[in-house]
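Trainee: Protein chains in written order, with UniProt numbering: chain A, 1 to 439; chain B, 1 to 439. We put the beta carbon where it would ideally sit given N, CA and C, even for glycine. Below you will find the structure I want to go over with you.
There are 2 protein chains.
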Amino acid sequence: MSTPSRIAPLKVGLAGLGTVGTGVIRLLEENSALIARRAGREIQIVAITARDRTKDRGVDLSGYRWVDDMGELATVDDLDVVVELVGGADGPALTLARETLTNGRALVTANKAMVAHHGAELAALAESKQAALKFEAAVAGGIPVIQGLRDGAAANRIDRVYGILNGTCNFILSTMERDGLDFAQVLSDAQAKGFAESDPSFDIDGIDAAHKLSILASLSFGSVIDFGGVEARGVRKILAADIAQAKTLGYRIRLIGLAEIDGDNGSANIFQRVEPCLVPLSHPLAHVIGATNAVVAEGNFSGRLLFQGAGAGDKPTASAVVADLVDIARKETGPAFSMPSAELEKLPRAASAHRVSKSYLRMVVADRVGVLAEITAAMRDAGLSIESLIQTEAGDDGTALVAMVTHAGPEQAINDTLQALKHSDSLLGEPMVMHILGA
Amino acid sequence: MSTPSRIAPLKVGLAGLGTVGTGVIRLLEENSALIARRAGREIQIVAITARDRTKDRGVDLSGYRWVDDMGELATVDDLDVVVELVGGADGPALTLARETLTNGRALVTANKAMVAHHGAELAALAESKQAALKFEAAVAGGIPVIQGLRDGAAANRIDRVYGILNGTCNFILSTMERDGLDFAQVLSDAQAKGFAESDPSFDIDGIDAAHKLSILASLSFGSVIDFGGVEARGVRKILAADIAQAKTLGYRIRLIGLAEIDGDNGSANIFQRVEPCLVPLSHPLAHVIGATNAVVAEGNFSGRLLFQGAGAGDKPTASAVVADLVDIARKETGPAFSMPSAELEKLPRAASAHRVSKSYLRMVVADRVGVLAEITAAMRDAGLSIESLIQTEAGDDGTALVAMVTHAGPEQAINDTLQALKHSDSLLGEPMVMHILGA
């Protein structure tokens, strides 16, 4: 079994030597012979760059040419591809990306923020220079979902794509459920163990999931990427009691990013939202535990496709980066968003008020006569009917917790209910609303 | 938004007009503009052929050139691709496949039997003629798992691939569980409703899953396809009582095709088996319900990847066929089994006797003193210890059903136990053994 050697190796420059960057180096060392068999040629890292040359990263970097100025990687002689693992929507990453493509070289990136904000510009630049732009690692870590949508589902009109796109949130929610703990406690445990960032807001406020969702939506719908159009709510306000009530009602709580084509007004509008949802136990996403990610795409011929796996981590993310390199080595590349930039449609944003779903509504209330009558009257006036309701003691302080699932109704009815109750002194603290993921 | 027109359309000949063939025609009609945007050119069916020209198939075929002799499709002028949906490992399908590739034309096939038996030969022929050979639709219907393994997981050494590969069996097992019915009754219901073939043996005896497994194994391991090396046992002997006992013990029963590299003897051997297994509820495959398929691949960097979706049906299978056509239209094709045929390794088959797993063992026994002592003594002598055991009445006839899960042990110990009990008159009928799918 000889490694094919008649074709020149693919020469790679690597920018960024954090956990993913060193993971890529380890992967290309450990699996090099196998990758050469699959790619038809060797894939060689030639040059590397990062902010700090002296830091010990646990891998031997002596065999690679060090480039001091990150921006210069774009012009190092003989490189075929630059792998950008620096991060950040703008700054050095974006500069390097632009210069790499301008020089007609392929760019592989794991940078979801940069793709979400500048993907359309970079894709157009890549096409004009006939250079490949690949970002499998930017969404859902090691899961080949970019390729699944771009190629595997290419025959389908996709009107809905959704999933669990943030491993940190899913880890926190699974742990809250398993151990019956509140959000804050699980978060600080996760931070202590290194599973969550010291500043976790990108993860727990849904921004990271929103970056990924905007990329998935563009690929799925053939639309111009629209990160600014993603509504995002995170998981900070979820109580252990919400998880317990949801369980009693037959659901699990998951942070779901969902994008769909809303054709209600006769033209195609795009709806994109990240929010905690109640997921019925009959849905596969209810069984996604821990830091795992999962993406569902609904094609008009394929039906529901599910892609699931590790959403983060050095090794899975390196697997996705190198999958892109293999595609480039094989010359199996094409438009980044599955079709030429000029073919992508700019879709208007859909409003949410008329969207119909079941909802979960939880309120902490004063435990006294007439409170439930007040709440249910507000719901009746808004045209919202109740499927199930649980009232329990909220604590030793004379408060009660009311949790309910409504029948399907427009979101406006929930808004109207909350508006009517806004100044009620029966409600203690802000009510929590979560939508229920449809089948 | 104009359809790109400067590039010539991809011209397709379609052989076989059953449900999948007519599905492909419907898909290419319904999604044609979208597919042209994604593929960069139009995909046009030019010529069609099937056994019976006069049959009403519910689609208008008048716009397509009819070819009387199926074999002639390989040489019709101007065709770029032949889609083979005739079926059967040999015969007209194989003749057409060989002639198509020999003529240097691309071949797309949904024919798992043909690929399992002749895939190595066809792949070598395709390479020698620089023609594409694609078979996404041959495994797991609409799920893009061939591509997921070939491209998405390309960076990984994969040592284990397994899944639910037959929708008919999964439908039967899910229905047995939901309704508490025995196998035979559910099968005849499924046949009456058209969910199962009138001769269901390919499905329920595991042959169909074995075809698919051998293809997945070759792609995953870089090994020469070895259908003859797949051990296959089906689902005929599963009782409603097995499903009930498994549930009590925390498992669901699924027909699992599993292939792995067995490195125990210092060299890489290949192990391939289709059999009903007990799947722990914590495993995602336990939650795959109905005719759905799901494939898990374990990469040394990606970790566990799961691909799930519709395993059969006209529309999902057509989605996979047209995904292959889009790849060909984009010229994103390469070696069929992910690497050149000459690079595929011929791996020796691994023996099963030393494989270690927990097992489920069920026996119907005479309900009298000493029976359990006889069984447990045989297990002790074979070195097999019991994790849990349930004895219940089997019926009104004075028989009992003993179901147990063993601790992990070599398969040989189960074989030895059964051998020791073979001539015991305490056992009524054949014992049932199912392995437990590891985490």
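Using a 10 Å radius around the Cβ and a threshold of 16 neighbouring Cβ atoms, would you call M1(B) buried or exposed?
Mentor: Here residue 1(B) refers to the residue found at position 1 of the second sequence. Interpretation of M1(B) is limited by its pLDDT of 41, a score under 50 that renders its predicted location unreliable; the figure taken from the coordinates is listed afterwards. Exposed, by the Cβ-count rule.
Trainee: Could you check which residue in E430(A), P410(A), Q412(A) has the C-alpha nearest to that of V402(A)?
Mentor: As a first step, residue 402(A) must be located in the first sequence, where it is residue number 402. Comparing Cα positions, the closest option is E430(A).
Trainee: Does chain A have any CB closer than 8 Å to the CB of M1(B)?
Mentor: Here residue 1(B) refers to the residue found at position 1 of the second sequence. Residue confidence for M1(B) is low, a pLDDT of 41 falling below 50, so the modelled location carries little weight and cannot support an answer.
Trainee: Relative to the alpha-carbon of L133(B), which residue among E29(B), S338(B), N293(B), V230(B) has its alpha-carbon at the smallest distance?
Mentor: If you number the second sequence from 1, residue 133(B) lands on position 133. Out of E29(B), S338(B), N293(B), V230(B), S338(B) has the C-alpha closest to the C-alpha of L133(B).
Trainee: Quick one: which residues of the segment 281-299 of chain A get their C-beta closer than 7 Å to a C-beta of chain B? List them in chain order.
Mentor: Going along the segment 281-299 of chain A in chain order, one finds P284, H287, G299 with a Cβ nearer than 7 Å to chain B.
Trainee: Cutting at 8 Å between CB atoms, please list the residues of its own chain near R105(B), excluding the five before and the five after it.
Mentor: For the purposes of this step, residue 105(B) is identified with residue 105 of the second sequence, where counting begins at 1. Contacts found: A74, L79, D80, V81, V82, A131.
Trainee: Does DSSP classify R362(B) as helix, strand or coil?
Mentor: Counted from its first residue, the second sequence places residue 362(B) at position 362. Correct three-state label for R362(B): strand.
Trainee: Determine the direct distance from the alpha carbon of K358(B) to that of A39(B), and round the result to whole angstroms.
Mentor: Mapped onto the second sequence, residue 39(B) falls at position 39. Mapped onto the second sequence, residue 358(B) falls at position 358. Rounded to the nearest angstrom, the two C-alpha atoms are 48 Å apart.
Trainee: In the DSSP assignment, find the beta strand (DSSP E) that holds K11(A) and state where it starts and stops.
Mentor: For the purposes of this step, residue 11(A) is taken as residue 11 along the first sequence, with counting starting at 1. Segment 10-15, the beta strand (DSSP E) holding K11(A).
Trainee: Can you round the beta-carbon distance between I375(A) and Q245(A) to whole angstroms, since I take them to be within the 8 Å contact cut?
Mentor: Reading the first sequence from its first residue, position 375 is the one you call residue 375(A). Reading the first sequence from its first residue, position 245 is the one you call residue 245(A). Not really, about 15 Å apart at Cβ, beyond 8 Å.
Trainee: Closer than 7 Å by beta-carbon distance: list the chain B residues that pair up with P9(A), in chain order.
Mentor: As a working note, residue 9(A) is residue 9 in the first sequence. Chain B residues near P9(A): none, gap ~16 Å exceeds 7 Å.
Trainee: Look at the alpha carbon of V20(A) and the alpha carbon of V59(A), and state the distance between them as a whole number of angstroms.
Mentor: One-based indexing of the first sequence puts residue 20(A) at position 20. One-based indexing of the first sequence puts residue 59(A) at position 59. Approximately 12 Å, taken between the alpha carbons.
Trainee: Can you give me the C-alpha to C-alpha distance between H291(B) and P200(B), rounded to a whole angstrom?
Mentor: Position 291 of the second sequence holds residue 291(B). Position 200 of the second sequence holds residue 200(B). The sequence given here places Ala at residue 291(B); His does not occur at that position. Spanning the two alpha carbons is a distance of roughly 15 Å.
Trainee: Output yes or no for whether 8 Å exceeds the beta carbon distance between A400(B) and V365(B).
Mentor: As a working note, residue 400(B) is residue 400 in the second sequence. As a working note, residue 365(B) is residue 365 in the second sequence. Their beta carbons are under 8 Å apart, which means A400(B) touches V365(B) by this criterion.
Trainee: Using 10 angstroms around the beta-carbon of K112(A), count the other beta-carbons present and answer buried if the total reaches 16, otherwise exposed.
Mentor: Taking the first residue of the first sequence as 1, we reach residue 112(A) at position 112. Buried.
Trainee: Between V46(A), T100(A), G88(A), which lies nearest to E72(A) when the distance is taken from Cα to Cα?
Mentor: The residue given as residue 72(A) occupies position 72 in the first sequence. For the residues V46(A), T100(A), G88(A), the minimum Cα distance to E72(A) belongs to T100(A).
Trainee: On the CB-based measure, 16 or more other CB atoms within 10 Å of its CB, does P316(B) come out buried or exposed?
Mentor: Residue 316(B) sits at position 316 when you count from the first residue of the second sequence. By the neighbour-count rule (16 or more Cβ atoms within 10 Å), P316(B) is buried.
Trainee: Indicate whether T54(B) and A15(B) have their beta-carbon atoms separated by less than 8 Å.
Mentor: Counting from 1 along the second sequence, the entry for residue 54(B) is found at position 54. Counting from 1 along the second sequence, the entry for residue 15(B) is found at position 15. Not closer than 8 Å, so no.
Trainee: Is the segment 369-386 of chain B touching the segment 414-425 of chain B, taking contact as three or more C-beta pairs under 8 Å?
Mentor: At 8 Å Cβ cutoff, the stretches touch.
Trainee: Which residues, in chain order, does the segment 11-38 of chain A contribute to contact with chain B at a C-beta distance below 7 Å?
Mentor: Of all residues in the segment 11-38 of chain A, L27, N31, L34, I35, R37, R38 have a Cβ within less than 7 Å of some Cβ in chain B.
Trainee: Evaluate A33(A) with the Cβ neighbour count: other Cβ atoms within 10 Å of its Cβ, from every protein chain shown; 16 or more gives buried, anything less gives exposed.
Mentor: One-based indexing of the first sequence puts residue 33(A) at position 33. Under this definition A33(A) is an exposed residue.
Trainee: Along the beta strand (DSSP E) that carries G435(A), what are the first and last residues, could you check?
Mentor: Locating residue 435(A) in the first sequence gives position 435, counting from the first residue. Reading the sequence as shown, one finds His at residue 435(A) and not Gly. H435(A) -> beta strand (DSSP E) spans 432-436.
Trainee: Give me, in chain order, the residues of the same chain whose beta-carbon lies closer than 7 Å to that of E127(A); leave out the 5 immediate sequence neighbours on both sides.
Mentor: Residue mapping note: residue 127(A) aligns to position 127 of the first sequence, counting from 1. If we look at E127(A) and ignore the five residues flanking it on each side, its Cβ neighbours are P335, P340, S341.
Trainee: Can you find a C-beta in chain B that's less than 8 Å from the C-beta of K112(A)?
Mentor: Within the first sequence, residue 112(A) is the residue found at index 112, counting from 1. Chain B contact via Cβ: absent.
Trainee: Which residues of chain A have a Cβ atom closer than 8 Å to the Cβ of Q272(B), listed in chain order?
Mentor: Counting from 1 along the second sequence, the entry for residue 272(B) is found at position 272. Ordered by position in chain A, no residue passes the 8 Å Cβ test against Q272(B), which lies about 20 Å from the chain.
Trainee: Whole angstroms is fine: what's the gap from G206(A)'s alpha carbon to N300(A)'s?
Mentor: Here residue 206(A) refers to the residue found at position 206 of the first sequence. Here residue 300(A) refers to the residue found at position 300 of the first sequence. C-alpha separation (whole angstroms): 28 Å.
Trainee: Going by C-alpha distance, which of M363(A), A297(A), F171(A) is nearest F307(B)?
Mentor: Start at 1 with the first residue of the second sequence, and residue 307(B) comes out as number 307. For the residues M363(A), A297(A), F171(A), the minimum Cα distance to F307(B) belongs to A297(A).
Trainee: Measuring straight from C-alpha to C-alpha, what distance separates L249(A) and A323(B)?
Mentor: Taking the first sequence and counting its residues from 1, the one referred to as residue 249(A) is at position 249. Taking the second sequence and counting its residues from 1, the one referred to as residue 323(B) is at position 323. The alpha-carbon atoms of L249(A) and A323(B) are separated by roughly 40 Å.
Trainee: With 8 Å as the limit, tell me which residues of the segment 87-121 of chain A have their beta carbon closer than that to any beta carbon of chain B; keep them in chain order.
Mentor: Listed by position, the residues of the segment 87-121 of chain A near chain B (Cβ gap below 8 Å) amount to none.
Trainee: Assess contact between the segment 142-154 of chain B and the segment 250-264 of chain B, defined as three or more Cβ pairs (one per stretch) separated by less than 8 Å. Is contact present?
Mentor: With a cut-off of 8 Å, the segment 250-264 of chain B and the segment 142-154 of chain B do not count as touching, because too few Cβ pairs lie within range.
Trainee: Evaluate G13(A) with the Cβ neighbour count: other Cβ atoms within 10 Å of its Cβ, from every protein chain shown; 16 or more gives buried, anything less gives exposed.
Mentor: On the first sequence, residue 13(A) is found 13 positions in, with the first residue counted as 1. G13(A) should be labelled buried.
Trainee: For the beta strand (DSSP E) containing E136(B), list its first residue and its last residue.
Mentor: To locate residue 136(B), count along the second sequence from 1; it is residue 136. Looking at the DSSP string, E136(B) is not in any beta strand (DSSP E), and its letter there is neither H nor E.
Trainee: Could you tell me the boundaries of the alpha helix (DSSP H) in which M404(A) lies?
Mentor: The sequence position of residue 404(A) within the first sequence is 404, counting from 1. No alpha helix (DSSP H) contains M404(A), which is instead part of the beta strand (DSSP E) from 399-406.
Trainee: Hey, how far is the Cα of T3(B) from the Cα of S319(B)?
Mentor: Your numbering for residue 3(B) matches position 3 in the second sequence. Your numbering for residue 319(B) matches position 319 in the second sequence. Note that T3(B) has pLDDT 47, beneath the 50 cutoff, so the model's placement of it is unreliable and no number is given.
Trainee: Using 8 Å as the threshold, is the C-beta distance between R254(B) and I158(B) below it?
Mentor: The sequence position of residue 254(B) within the second sequence is 254, counting from 1. The sequence position of residue 158(B) within the second sequence is 158, counting from 1. For R254(B) and I158(B), no; Cβs fall outside 8 Å.
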